[in-house]
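2 protein chains.
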Amino acid sequence: MQNPLYITNSLSRQKEQFIPLNAPLVGLYVCGPTVYGEAHLGHARPYITFDILNRYLQHLGYKVRYVRNITDVGHLVDDADEGEDKIAKKARLEQLEPMEVVELYTTSFHDSMRALNILPPSIEPRASGHIIEQIKMIEEIIQNGFAYESNGSVYFDVIKYSKTHDYGKLSGRIIEDLIAGAGNEKRVLEGQDEKQNPADFALWKKASPEHIMRWPSPWSEGFPGWHIECSAMSKKYLGETFDIHGGGMDLLFPHHESEIAQSKGSCGKAPVRYWMHNNMITINGQKMGKSLGNFINLKQLFEGDHQLLVQAYSPMAIRFFILQAHYRSTLDFSNEGLQAAEKGFNRLISAIHLLPTLKSSATSSYDVNELKEKCYEAINDDMNTAIVISHLFDAARLINSVNGGTEKLTQEDIVSLDETMKQFVFNILGLMKEEKDNSADMNGIMKLILSLRDEAKQKKDFATSDKIRDELTKLNFIIKDEKDAATWAKS
Amino acid sequence: MQNPLYITNSLSRQKEQFIPLNAPLVGLYVCGPTVYGEAHLGHARPYITFDILNRYLQHLGYKVRYVRNITDVGHLVDDADEGEDKIAKKARLEQLEPMEVVELYTTSFHDSMRALNILPPSIEPRASGHIIEQIKMIEEIIQNGFAYESNGSVYFDVIKYSKTHDYGKLSGRIIEDLIAGAGNEKRVLEGQDEKQNPADFALWKKASPEHIMRWPSPWSEGFPGWHIECSAMSKKYLGETFDIHGGGMDLLFPHHESEIAQSKGSCGKAPVRYWMHNNMITINGQKMGKSLGNFINLKQLFEGDHQLLVQAYSPMAIRFFILQAHYRSTLDFSNEGLQAAEKGFNRLISAIHLLPTLKSSATSSYDVNELKEKCYEAINDDMNTAIVISHLFDAARLINSVNGGTEKLTQEDIVSLDETMKQFVFNILGLMKEEKDNSADMNGIMKLILSLRDEAKQKKDFATSDKIRDELTKLNFIIKDEKDAATWAKS
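Read top to bottom, the protein sequences are chains L and G. Those letters in the first sequence? Residues -4 to 486, per the numbering used here, in order. Those letters in the second sequence? Residues -4 to 486, per the numbering used here, in order.
Structure follows, in structure tokens:
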């Protein structure tokens, strides 16, 4: 008997049993990247976190529709709805068409996700591909009186909305503070006075003459605000109310708070039943930031190409490192931590390799079934991968002990342990064996072998030289005796 | 002095010198896949062909904006504008949301393209993401009198258009034949009588009640016709007139002919200066088709998983096979052809490996510069990769002859030949060395070497056993002497 899955719902700040709206279907939405630069360590965490959720829900037999968007328009440099579009800015700096920037970094993002063995989402919609749906939702919000047009732009009326709705509930913000304080110092900025209140947020922005990314709308040639895309696309592909919405804690406010307001403001329904948020990654105790010089992107990590890195880290070491912390805890990046993760990961893989070679006994000295139960208990307890991994380490120790003869397992228990290990390590935690290119090793060893054969021949030890030739032939190697030396090739 | 690049323009049916509209910029558009199934051999050819063009234009110093679309809506099962949408049909059969089908096969398509070392395009726009642009272009065509609404759908008026324009010029169709003949037998089909003439083609289709993929438009809730997406997206990202449009010959009519009509019918300008078309792939002399049982997808080829395949073929063998024919020739697939390609490819790679080990002479017996010139001549002659490869084979023979002592090259010529080979093989033809997983070989060889060490020890030949240990240590192998036998690991 398995206990059910509990997850922490950011909305109630409590662990709640997960009960899907329309089992066996599960709708899952996770905020994807704004594709104006290389994916970094801060991206790896949410996508690995919700990859585990996606994998585990599938493991439990649910049919998951996992939607993770690509933000390719509307995310402004300044969060107070001002400043250039992040992608348009990058395009200007790199002398590219904005969609070239989008394509470049989307491809790169996919490369990094694949390296980290993150399963692709079922649908990966782009904001620029859903302008019609966004305009329609804005029209509905205006119709319901929760938004107003101002100089060709449209803003969500937070004050009006908060009179009848609980704006700030998800993020724990107090509406009075927001109205009084937020962004007041920015009101002097151009365009900011279009807002009736600084707490209001943009649904549609009129494009300035030099702005390339623009579409016609009832209000102006312009582009959608950042928050509306997720509301429009999650509704299109998952319905007005769906099961789980995930993202990093930095998105709680204003992004996710605004999503709730937009959905309630358009169709009157709360969009999401379970909100899940992963905590942040710090670097040697500091917040990660471009200005702090501690901003490490994933390709730099994979290649060890950054001043803070003492070596390259494989994607699986990084994945393992992230999984060794509970997703709701902060996680501090350090070389020591990653090196330890690398060793831990290798220890698990070695144990799995050892498993099929174990000699079985008539009785078991260890309760393999209890170990399995503990793994499920941990993953069901708000996806506590840190505890799952500690149990897997216990399993690895057990395997080594059986190998060393200090513990005993029956054949049945060996098979069961093998299943549990593979299920959790490969399927649920999504770790995989890493292939290494060992052609350099191969060349070195073949050179050694051929020199041993040469020596044997010179000593007239033909038994040895023949053995070498025969064994290599069995392995499909072709050895040719050239003028100077022997050469080898694989047939 | 290099001769300029000539390419065959399908419009003039002649080789024409390529002169870009706005050098150093080049605009290139290639019709991408309709993502409702696995990419097959027929997809590999156009994307490899235009990958060579993209690579070579960049090699020549042009800045290429390469747009290759994803058709995710509007491509109907029946080319006469009837029948279900290909993606909607697949979604119905697989019980998925259409965009889940799109995502699944787009990801799979990207995987295959990456395996074939095809560079990603600069922009990969999706039809469903450009509904607004397509509606706008349809409105312009209606305004110019070249399209009409009928029952919520919009059709291009081929008869009216052909009175003032040359419909059929690209594909060599005679307009009278089209008007009299095409599709007449289909007029009885539902909806077909919406057309004033069977030669007309759909720009917008009203969605039937059960049709999921639908957007609002001035005419109906519906979806765009297949042809309009390429016109709208090429215009958006490359302008009203751009340099090169590529695709398979099967797209000449009606797809590309319709693109020309749509552009001229909306803005009055011819969209494309050079139309390029690759020829088809046949399988053992037969057309490839799902009903003929000879439909091989790329993953089956990579894995040898099809009744017509006697083995698996590596992506590079397939790429090489396709490049050994001129892109405008038909290419017949056969196991023999692919096996020959595999050997040919390996011969080139082996020669490149041999190059740096060649001993130089005081004089050269071969004109290395002429060989390079010949390679450029061939690629400049309408991208004749078949001839390029024959010259590269000459180069491989030369390298082997120098190695065997029957030809001579100066150090300078060896360096020059090395540059030419690498430039053409890797950069222009886009071939790459393939990494092979040789861990099985490694295990076999290590077992052999450890047994040789064991024997040497038993014979008290410590010189040999020490040599083995020392050499392995140099290669960073760790050898442990266990109770039963020695084991090895890589440090």
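Where a beta carbon is used, it is the ideal one built from N, C-alpha and C, also for glycine.
Neighbouring residues, chain G, relative to residue i (Cβ below 7 Å)
| i | result |
| --- | --- |
| G124(L) | R121, S123 and G124 |
| G439(L) | L470 |
Partners in chain G for residue i, counting only beta-carbon separations shorter than 9 Å
| i | result |
| --- | --- |
| W210(L) | I127 and E128 |
9 Å Cβ cut-off: residues of chain L touching residue i
| i | result |
| --- | --- |
| T102(G) | H105, P115 and E119 |
| L443(G) | I444, K462, I463, E466, L467 and L470 |
| D300(G) | Residues of chain L passing the Cβ test: none, with the nearest at roughly 21 Å. |
Cutoff 6 Å; reference residue i; Cβ partners in own chain excluding five residues on either side
| i | result |
| --- | --- |
| S258(G) | S226 and P266 |
| R109(G) | none |
| S460(L) | R448, A451 and K452 |
| G22(G) | R60, L233, F237 and D238 |
| T415(G) | K367 |
| F45(L) | V25 and G241 |
| N112(G) | G425 and M427 |
| G299(L) | Q306 and A307 |
Proximity winner among the options, relative to residue i (alpha-carbon distances)
| i | options | result |
| --- | --- | --- |
| L88(G) | S229(G), E235(G), F457(G) and G32(G) | G32(G) |
| K81(G) | I47(G), Q319(G), P310(G) and V30(G) | V30(G) |
| I409(G) | N375(G), H348(G) and L296(G) | H348(G) |
| Y143(G) | K264(G), G260(G) and N379(G) | G260(G) |
| W199(G) | Y150(G), E298(G) and L443(G) | Y150(G) |
| L343(L) | N289(L), G284(L) and K428(L) | K428(L) |
| K367(L) | A34(L), N379(L) and A390(L) | A390(L) |
| F340(L) | F316(L), A357(L) and Y322(L) | F316(L) |
| Q129(L) | E477(L), Y269(L), M228(L) and D172(L) | M228(L) |
| G439(G) | T482(G), Q9(G), K294(G) and T159(G) | T482(G) |
| P28(L) | H38(L), Q334(L) and L20(L) | H38(L) |
| D172(G) | D188(G), T358(G), A194(G) and K190(G) | A194(G) |
| I278(G) | Q9(G), I14(G), V62(G) and L36(G) | L36(G) |
| Y322(L) | A381(L), W270(L) and T66(L) | A381(L) |
| P249(L) | D73(L), N49(L) and E11(L) | D73(L) |
| S355(L) | S324(L), G399(L), D376(L) and E365(L) | G399(L) |
For residue i, three-class secondary structure by DSSP
| i | result |
| --- | --- |
| Q191(L) | coil |
| H251(G) | helix |
| F13(G) | coil |
| V21(L) | strand |
| E331(G) | helix |
| Q464(G) | Per the sequence shown, the amino acid found at residue 464(G) is Arg instead of Gln. In this structure, R464(G) counts as helix in the three-state DSSP scheme. |
| N179(L) | Below a pLDDT of 50, predicted positions are generally treated as unreliable, and N179(L), at 48, falls in that range; the measurement from the model is reported next regardless. In this structure, N179(L) counts as helix in the three-state DSSP scheme. |
| A197(L) | strand |
| M208(G) | coil |
| M271(L) | strand |
| G399(G) | helix |
| K84(G) | helix |
| I113(L) | coil |
| G260(L) | helix |
| K367(L) | helix |
| V96(L) | helix |
| S5(G) | coil |
| Y361(G) | coil |
| N292(G) | strand |
Residues that residue i contacts on chain L, provided the C-beta gap is smaller than 8 Å
| i | result |
| --- | --- |
| Y232(G) | E92 and M94 |
| R60(G) | E92 and E95 |
| T459(G) | L447 and E450 |
For residue j and residue i, believed in contact at Cβ under 8 Å, the rounded distance
| i | j | result |
| --- | --- | --- |
| L350(G) | I384(G) | Going by Cβ atoms, the distance from L350(G) to I384(G) rounds to 17 Å, so no, they are not a contact pair. |
| V25(L) | G241(L) | 4 Å |
| H386(G) | W221(G) | No, H386(G) and W221(G) are not in contact; Cβ-Cβ is about 41 Å, not under 8 Å. |
| Y57(G) | P19(G) | 5 Å |
Sequence-distant residues of its chain with Cβ nearer than 8 Å to residue i (five each side left out)
| i | result |
| --- | --- |
| Y51(L) | L0, I374, M378 and I423 |
Cutoff 7 Å; reference residue i; Cβ partners in own chain excluding five residues on either side
| i | result |
| --- | --- |
| K338(L) | none |
| V183(G) | Low confidence applies to V183(G): its pLDDT is 47, below 50, so where it sits in the model is not reliable, and the reading given next is rough at best. Once the five neighbours on either side are set aside, V183(G) has no close Cβ partner at all. |
| P93(G) | I82, A83, A86, I207 and M208 |
| N192(L) | V153, I154 and I174 |
| V305(G) | N330 |
Cross-chain neighbours of residue i in chain G, by beta carbon under 8 Å
| i | result |
| --- | --- |
| E98(L) | P115, P116, S117, I118 and E119 |
Within chain A, the residues that residue i reaches when beta carbons sit closer than 7 Å
| i | result |
| --- | --- |
| D476(G) | Checking the listed chains, one finds no chain A in this structure; the protein chains it contains are L and G. |
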